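According to our numbering, the sequence shown is numbered sequentially starting from 64. Data block below; observations after.
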Amino acid sequence: MTREEELVQNYKEITEKVNQECQKVGRSARSVSIMCVSKTYPLSDIQTLQTHGIRCFGENRAQETIEKFPERPDDLELHFIGHIQRNKVKKILPRCSWLDSIDSQRLLNEVLKQQANTDSVQPVNLLFEVNTSGETQKSGIESIEGLYDILDLIDRTPDYQRLVNPRGLMTIGPLTDDESRIRRCFRHLRTIFEEIKGQNRYPHFDTLSMGMSSDFPIAIQEGSTMIRIGTHIFGKRNYA
Ligand SMILES: *Cc1c(COP(=O)(O)O)cnc(C)c1O
64 MTREEELVQN YKEITEKVNQ ECQKVGRSAR SVSIMCVSKT YPLSDIQTLQ THGIRCFGEN
124 RAQETIEKFP ERPDDLELHF IGHIQRNKVK KILPRCSWLD SIDSQRLLNE VLKQQANTDS
184 VQPVNLLFEV NTSGETQKSG IESIEGLYDI LDLIDRTPDY QRLVNPRGLM TIGPLTDDES
244 RIRRCFRHLR TIFEEIKGQN RYPHFDTLSM GMSSDFPIAI QEGSTMIRIG THIFGKRNYA
């Protein structure tokens with residue numbers, strides 16, 4: 064099998080599993096999008112999938128993203144999903160149309176500052192990463208109050224719509240075989256997501272990013288609208 068055949072088959076298998084899970088819980092398959100997490104894999108894999116009409120990709124390391132994408136990729140929705148250091152924001156922003164891991168006011172401030180300094184700026188889509196598992200080695204906002212503090216900072220920024228587009232929430236499920244624990248975390252994030260959505264604060268707050276290769280069926284059952292799949296599409300990684 065060629066690499067192309069392998070990638071396309073893996074992607075197809077995921078879409079079929081997504082369809083099945085959606086059917087089980089009475090959701091439309093179109094309500095869940097699949098992000099291909101291409102970290103550690105070469106640009107050629109991304110381009111191969113792109114020729115099959117697949118457009119949504121995620122990277123988690125700043126240096127790798129900068130090297131893989133010398134400039135903003137054409138016709139591709141690139142998400143930055145890893146922990147973001149403030150001194151990398153300036154280089155990540157021109158390449159990625161989504162930052163999925165906003166987890167502090169200081170980071171958000173840096174994003175707003177860099178965007179304000181950019182000529183003919185495009186608003187960058189933002190997800191706020193919440194630490195739902197309580198695992199201390201994970202990044203993410205630790206409390207609901209912390210999340211609202213970040214949203215308040217956006218609301219206080221004059222004309223923020225020109226710079227950022229708040230799109231939703233993201234979480235990484237706990238690293239465990241205990242399905243009920245994973246489910247509790249996803250359900251918790253969904254509740255927060257619905258609460259903010261219900262406030263009609265932001266016109267495009269429509270994305271709940273949860274679920275990876277190992278736990279996406281649970282995430283879909285719990286309302287995820289975007290799953291992040293690496294291993295099941297590209298194969299096992301040696302690191303990260
Ligand atoms: C690597 C990564 C994924 C994908 O993980 P897989 O288990 O390989 O599907 C998803 N989300 C984040 C934030 C990641 O860093």
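Virtual Cβ for every residue (Gly too), placed ideally from N, Cα, C. Keep in mind it's a predicted model, so treat the numbers as computed, not measured.
Own chain, CB closer than 7 Å to residue i, minus 5 neighbours either side, in chain order
i	result
Arg246	Ile281 and Glu285
His146	Ser164 and Ser202
Asn82	Ala92
Asp278	Gly236 and Ile245
Pair within 8 Å by beta-carbon distance, residue i and residue j
i	j	result
Asn194	Glu205	yes
Val95	Ile283	yes
Val100	Gly116	no
Ile235	Lys201	yes
Ile292	Ile97	yes
Pro133	Ser196	no
Ile77	His267	no
Met233	Leu175	no
Asp212	Gln168	yes
Thr128	Arg158	yes
Gln177	Leu210	no
Pro186	Gln126	no
Identity of the residue in the options nearest residue i by Cα
i	options	result
Glu257	Glu130, Arg230 and His295	Arg230
Arg135	Gln178, Ile144 and Lys154	Lys154
Asn40	Leu226, Leu214 and Asp212	No answer is possible for residue 40: the residues shown for the chain start at 64 and end at 303.
Asp138	Ser160, Ser272 and Lys131	Ser160
Gln148	Ser91, Gln83 and Asn123	Asn123
Asn73	Thr111, Ile144, Ser91 and Arg93	Thr111
Ser107	Gln185, Asp269, Glu127 and Lys131	Lys131
Ser276	Arg66, Glu69 and Lys80	Lys80
Leu252	Thr270, Gln262, Thr114 and Tyr265	Thr270
Asn301	Arg93, Asn82, Tyr104 and Glu68	Tyr104
Arg250	Gly274, Leu210 and Phe143	Gly274
Leu162	Ile144, Gln177, Gln178 and Ala179	Ile144
Arg219	Arg244, Gln185 and Arg264	Arg264
Ile290	Asp182, Cys119 and Arg244	Cys119
Leu374	Lys102, Arg66 and Asp182	Given that the chain is displayed from residue 64 to residue 303, the structure contains no residue 374 and the question cannot be resolved.
Pro221	Ser183, Asp241 and Ala179	Ala179
Val71	Gln113, Gln86 and Thr254	Gln113
Cβ shell of residue i (< 6 Å), same chain only, five flanking positions each side left out
i	result
Gly203	Asp166, Glu192, Val193 and Asn194
Asn48	Residue coverage of the chain in this structure runs from 64 to 303, which leaves residue 48 outside it and unanswerable.
Boundaries of the beta strand (DSSP E) in which residue i is found, first to last residue
i	result
Cys119	Cys119 to Glu122
His146	Unbroken run through His146: none, as it is neither H nor E.
Ile202	The residue asked about is misnamed: residue 202 is Ser in this sequence, not Ile. Premise fails: Ser202 is in no beta strand (DSSP E) and is neither H nor E.
Ser9	One cannot answer for residue 9 here, as it falls past the ends of the chain, which runs 64 to 303.
Leu190	Val187 to Glu192
Where the alpha helix (DSSP H) through residue i begins and ends
i	result
Val325	Given that the chain is displayed from residue 64 to residue 303, the structure contains no residue 325 and the question cannot be resolved.
Asp212	Ile207 to Arg219
Ile155	Val152 to Ile155
Close-in-space but distant-in-sequence residues of the same chain around residue i (CB under 8 Å, 5 per side omitted)
i	result
Leu170	Ile147, Arg149 and Val152
Val88	Ile283 and Gln284
Thr288	Ser94, Val95, Ser96, Gly231, Asp269, Thr270, Leu271 and Ser272
Residue i Cβ short of 7 Å to ligand 3 heavy atom set
i	result
Val100	What this structure holds is ligand 1, not ligand 3.
- Message: Please give the ranges of any alpha helix (DSSP H) in the stretch 225 to 295, keeping only runs that are unbroken, at least 4 residues long and fully inside the region.
- Response: 242 to 261 and 279 to 284
- Item | Every unbroken alpha helix (DSSP H) within the stretch 72 to 131, with a cutoff of 4 residues, ordered by chain | 106 to 113 and 125 to 131
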